[in-house]
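K.L.:
What follows is a single structure, and I will ask about it in a moment.
Number of protein chains: 2
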Amino acid sequence: MPVNLAAPVPESLLPVAGVRLGVTMAGIRKAGRRDLVVFELAEGSAVAGVFTQNRFCAAPVQICREHLAAGEGIRAIVVNTGNANAGTGADGLARARRSCDALAAVAGVAPRQVLPFSTGVIMETLPVERIEAGLPAAWAALRADGWAEAAEGIMTTDTLPKAASRQLQIGGRTVTVTGIAKGAGMIRPNMATMLGFVATDAAVDAALLQPLLREAADLSFNRITIDGDTSTNDSFVLMATGQAGHAPITTLDSAEGRALREAVVAVSQHLAQAIVRDGEGATKFITVTVQGGRDEAECRAAAYAVAHSPLVKTAFFASDPNLGRILAAVGYAGIGDLDQGLIDLFLDDVHVVREGGRHPGYREEDGQRVMKQAEITVRVDLHRGAAAATVWTCDLSHDYVSINADYRS
Amino acid sequence: MPVNLAAPVPESLLPVAGVRLGVTMAGIRKAGRRDLVVFELAEGSAVAGVFTQNRFCAAPVQICREHLAAGEGIRAIVVNTGNANAGTGADGLARARRSCDALAAVAGVAPRQVLPFSTGVIMETLPVERIEAGLPAAWAALRADGWAEAAEGIMTTDTLPKAASRQLQIGGRTVTVTGIAKGAGMIRPNMATMLGFVATDAAVDAALLQPLLREAADLSFNRITIDGDTSTNDSFVLMATGQAGHAPITTLDSAEGRALREAVVAVSQHLAQAIVRDGEGATKFITVTVQGGRDEAECRAAAYAVAHSPLVKTAFFASDPNLGRILAAVGYAGIGDLDQGLIDLFLDDVHVVREGGRHPGYREEDGQRVMKQAEITVRVDLHRGAAAATVWTCDLSHDYVSINADYRS
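If you read the sequences in order, they're chains R and E. For the first sequence, UniProt numbering begins at 1 and goes up steadily by one. For the second sequence, UniProt numbering begins at 1 and goes up steadily by one.
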């Protein structure tokens with residue numbers, strides 16, 4: 001059961017001028033499910049991407065990097081679920097290229113103007129002929145209001161689609177930011193999420209798109225973990241069609257730039273948190289904040305150590321305030337000169353640990369009360385500096401084991 | 001159910017001249033279980049220790065380091081289960097000192113000649129008065145053949161005691177190496193195991209003991225993982241009483257030194273592997289070897305990435321050859337310039353991946369056959385150098401979640 005997450009109401013997802021989406025059933029892994037999604041982008045759109053740091057990155061990730069570097073202007077995107085096309089060697093690369101060729105032919109653009117994305121089982125051969133066969137129908141289905149269907153079409157073990165929109169005003173024009181994402185397991189993005197696509201009709205200098213994307217990724221998809229496994233296919237793409245009609249934004253350090261940044265970050269954070277809320281087997285949504293660090297890196301390392309610990313995660317599942325496990329995780333986070341005698345730990349408003357030991361006023365029933373909530377904030381203060389970092393995670397339940405023990409069957 | 005592990009037959013555990021052990025029920029956490037163990041060491045014994053790298057190390061670990069550094073000669077050891085005395089601040093240190101004072105008084109030695117060890121729940125106050133009350137009975141129970149009872153007396157969530165002995169000949173004398181260990185969860189030692197005690201009656205230069213211990217730890221307790229959680233209390237101690245009667249070993253680089261090293265490593269590896277076999281919820285014992293690396297560190301990092309991955313571990317639990325998960329873990333192990341196109345993967349004798357893609361001759365039923373075994377070897381060849389490393393781990397099952405969700409109740 002996802003934690004405080006509902007399927008997006010289709011009407012709440014606002015079209016983005018210059019972007020159309022089409023979905024079809026291509027029977028890639030199983031018949032009768034939407035598994036092939038295409039995006040059409042208006043001419044002149046700017047596109048930026050960040051991708052997994054996994055050295056075993058999937059074939060489509062390699063081709064995305066190549067096509068973005070080619071700089072010919074991305075005009076179409078193809079996404080399949082059911083097969084990740086990862087761990088597939090040279091043959092996988094050839095098949096990913098074929099899917100770009102096929103969409104390029106249908107869309108009337110060059111293959112290097114197409115970005116391919118795959119998600120699903122690793123190390124199985126991509127049935128590219130099914131993608132080729134399905135693309136004309138997907139392209140024929142293109143609609144400006146296809147976001148809700150597309151959010152569904154990119155799901156794998158997700159139980160709910162993930163999507164969000166925001167609007168803002170720039171130069172008297174309404175600008176829209178809409179995004180979709182998928183992912184529920186193998187989630188510990190190290191650059192981006194499983195798959196995330198955010199589009200806006202804002203007019204932005206193409207050179208600003210990559211830094212904007214990196215910042216948004218860093219504040220959203222790079223702050224979540226479900227199981228600590230960094231996927232082979234993580235990709236996060238930001239598209240700007242420039243069709244809102246305002247004067248182009250030439251710096252992010254302006255009122256317009258900041259407003260756009262805020263909307264892009266808000267949509268990205270909504271999507272990233274939705275992935276955690278729908279984490280495999282999740283019953284709790286947990287925010288881990290580490291403050292009082294010397295720098296942001298050590299705060300993030302400590303927050304991730306807590307968020308990754310199977311012992312911490314099973315304690316949350318059990319609603320058991322076995323909070324020493326949190327201290328242990330902070331202790332092994334790799335902060336070499338950490339002084340345990342300075343550390344404070346709070347569970348929501350409950351002060352659990354003071355100066356490295358149990359707070360004298362801490363009562364087990366207070367910890368218990370917070371642990372029973374569906375949303376919990378863990379706050380650790382290292383008392384050695386002014387930096388802070390937050391990550392989001394979920395608990396580790398029986399269902400996580402069941403889902404991953406049965407995933408392929 | 002532990003994987004191919006039986007309780008040690010008491011008669012197979014050989015006494016070590018100069019070491020006696022006593023056990024009692026002190027009621028530390030629960031009544032009616034052996035929870036307090038003491039060691040007596042003959043005068044002139046040399047003792048070395050390695051301890052957790054967790055910055056939140058427990059109070060007894062801090063005192064062990066202090067007492068070993070004092071160099072007055074360790075003569076007695078006290079171990080309690082049921083309470084880790086970690087995350088307990090200054091009060092925890094004072095209580096650990098009191099347990100040393102109490103044993104020193106009973107044993108007629110100085111407090112700095114005592115090493116204290118605790119294991120159990122974190123962040124609860126150590127009931128040191130129960131230790132003080134129990135120590136006279138434990139000391140009165142000292143026996144040279146108390147190893148089997150002591151192995152039982154240091155258990156927490158272990159389902160079976162862990163112990164082993166080896167004998168060798170040095171200078172015409174029989175030398176014995178006997179050890180015990182405990183640990184089943186919060187196991188990802190970064191220096192040593194939860195608790196491991198190995199004793200020998202060999203005569204060894206005191207200066208050789210620490211390098212010998214480090215090497216043994218590095219080849220045993222530092223090569224295992226159950227859940228990736230480095231404990232606050234990990235400790236591994238090597239004791240040499242010198243009572244076997246042979247001429248002292250003055251270099252490890254001699255026939256005698258190598259023979260002793262081999263026996264100490266064998267006992268340590270047996271104990272470390274026993275911890276994995278009895279890992280919380282374990283149903284499989286998995287050996288992960290990464291070879292063909294540029295150096296041992298990158299091989300070990302890749303092996304640990306595989307051994308830690310919840311997705312790999314749940315696949316083993318399910319006997320599902322979803323082997324792409326292994327490639328993904330190798331890919332995110334942090335080897336920056338890894339070339340995925342070179343990688344081979346073997347599951348026992350089955351060649352699964354060649355040059356980064358599925359081996360054309362690989363058949364799913366062959367992978368399935370190996371996955372169903374209780375003991376499995378995963379071998380990854382990076383084909384970029386001559387280094388190799390092996391770690392041992394277990395699968396991730398429903399019982400792991402149950403055990404850790406219920407541990408305190």
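Beta carbons are placed, not taken as given, at the ideal position from N, Cα and C, and that holds for glycine.
What are the start and end residues of each continuous beta strand (DSSP E) run of 3 or more residues lying completely inside the stretch 106-183 of chain R, in chain order?
P.N.:
Whole beta strand (DSSP E) segments, 3+ residues: 114-119, 162-170, 173-182.
K.L.:
Using a Cβ cut-off of 7 Å (strictly closer), state whether E355 (chain E) contacts chain R.
P.N.:
yes
K.L.:
Does any residue of chain E bring its CB to less than 7 Å from the CB of M191 (chain R)?
P.N.:
Residue confidence for M191 (chain R) is low, a pLDDT of 33 falling below 50, so the modelled location carries little weight; the figure read from the coordinates is stated next. For M191 (chain R), the answer is no, since every Cβ of chain E falls outside 7 Å of its Cβ.
K.L.:
Quick check on S254 (chain E): does DSSP put it in helix, strand or coil?
P.N.:
coil
K.L.:
Quick one: what's D344 (chain E) bridged to in DSSP?
P.N.:
E:D381
K.L.:
What residues match up with M239 (chain E) in a beta bridge as DSSP calls it?
P.N.:
E:V47, E:A199
K.L.:
Rounding to the nearest angstrom, what Cα-Cα distance links R325 (chain E) and I122 (chain R) in this structure?
P.N.:
7 Å
K.L.:
Flag G279 (chain E) as yes if its beta-carbon sits less than 7 Å from any beta-carbon of chain R, otherwise no.
P.N.:
No, G279 (chain E) lies away from the interface with chain R (no Cβ there is under 7 Å from its Cβ).
K.L.:
Check for me: the beta strand (DSSP E) holding C394 (chain E) runs from which residue to which?
P.N.:
387-394
K.L.:
Roughly how many whole angstroms lie between the Cα atoms of V370 (chain E) and D348 (chain E)?
P.N.:
7 Å
K.L.:
Please list the terminal residues of the continuous alpha helix (DSSP H) segment that includes R214 (chain E).
P.N.:
206-218
K.L.:
Along chain R, which residues have their Cβ under 9 Å away from the Cβ of F317 (chain E)?
P.N.:
V401, N404, A405
K.L.:
Would you kindly report the start and end of the unbroken alpha helix (DSSP H) that includes F316 (chain E)?
P.N.:
Judged by DSSP secondary structure, F316 (chain E) falls within the alpha helix (DSSP H) whose first and last residues are 310-317.
K.L.:
So, do the stretch 104-119 of chain R and the stretch 78-89 of chain R have three or more beta carbon pairs nearer to each other than 8 Å?
P.N.:
yes
K.L.:
Name the two residues that bound the continuous alpha helix (DSSP H) containing E364 (chain E).
P.N.:
First-last of the alpha helix (DSSP H) with E364 (chain E): 364-371.
K.L.:
By Cβ distance, which residues of its chain are closer than 6 Å to S409 (chain E), with the 5 residues on each side in sequence left out?
P.N.:
In this predicted model, S409 (chain E) has a pLDDT of only 43, less than 50, meaning its place in the structure is not dependable; the value taken from the coordinates is given anyway. Contacts found: none.
K.L.:
In three-state DSSP terms, what is R20 (chain E)?
P.N.:
strand
K.L.:
Within the same chain, show all residues whose beta-carbon is closer than 7 Å to that of L103 (chain R), passing over the 5 residues directly before and after it, in chain order.
P.N.:
V38, A76, V78, V114, L135
K.L.:
Would you give the residue range spanned by the alpha helix (DSSP H) that A329 (chain R) belongs to?
P.N.:
324-331
K.L.:
Determine, for L311 (chain E), whether the minimum Cβ-Cβ distance to residues of chain R falls below 7 Å.
P.N.:
yes
K.L.:
Given that C57 (chain R) touches chain E, what residues does it touch there, using C-beta distances under 8 Å?
P.N.:
G331, Q340
K.L.:
What is the DSSP secondary structure of N190 (chain R), counted as helix, strand or coil?
P.N.:
Residue confidence for N190 (chain R) is low, a pLDDT of 42 falling below 50, so the modelled location carries little weight; the figure read from the coordinates is stated next. Coil.
K.L.:
Could you tell me the distance, in whole angstroms, from the CA atom of G196 (chain R) to the CA atom of A164 (chain R)?
P.N.:
11 Å
K.L.:
Express the C-alpha separation of A329 (chain R) and A150 (chain E) in angstroms, rounding to a whole number.
P.N.:
29 Å
K.L.:
At 7 Å on the CB atoms, spell out the chain R contacts of M371 (chain E), in chain order.
P.N.:
By Cβ distance, chain R contributes nothing, its closest Cβ being about 12 Å from M371 (chain E), past 7 Å.
K.L.:
Which term fits V2 (chain R), buried or exposed, when burial requires 16 or more other beta carbons within 10 angstroms of its beta carbon?
P.N.:
In the sequence on display, residue 2 (chain R) carries Pro and not Val. Per the 10 Å Cβ criterion, buried.
K.L.:
Distance check for A48 (chain R) and R65 (chain R), CA to CA, integer angstroms please.
P.N.:
10 Å
K.L.:
Mark R112 (chain R) as exposed unless 16 or more other C-beta atoms lie within 10 angstroms of its C-beta, in which case mark it buried.
P.N.:
buried
K.L.:
Taking residue 411 (chain R) as the query, report the chain E residues whose CB atoms sit under 8 Å from its CB, ordered along the chain.
P.N.:
It is not possible to answer for residue 411 (chain R), since the shown part of chain R is limited to 1 through 409.
K.L.:
Could you have a look at F221 (chain E) and say whether DSSP puts it in helix, strand or coil?
P.N.:
helix
K.L.:
Could you check whether L41 (chain E) and A26 (chain E) sit closer than 7 Å to each other, using their CB atoms as the reference points?
P.N.:
The answer is no: Cβ separation not under 7 Å.
K.L.:
Does any residue of chain R have a CB that is nearer than 7 Å to the CB of H359 (chain E)?
P.N.:
no
K.L.:
Could you round the C-beta distance between L260 (chain E) and V175 (chain E) to whole angstroms and report it? I think they count as a contact, below 8 Å.
P.N.:
7 Å
K.L.:
Inspect the beta-carbon positions of R98 (chain R) and V128 (chain R) and report whether they are closer than 7 Å.
P.N.:
yes
K.L.:
Assuming I77 (chain E) is part of the beta strand (DSSP E), what are its boundary residues?
P.N.:
76-81
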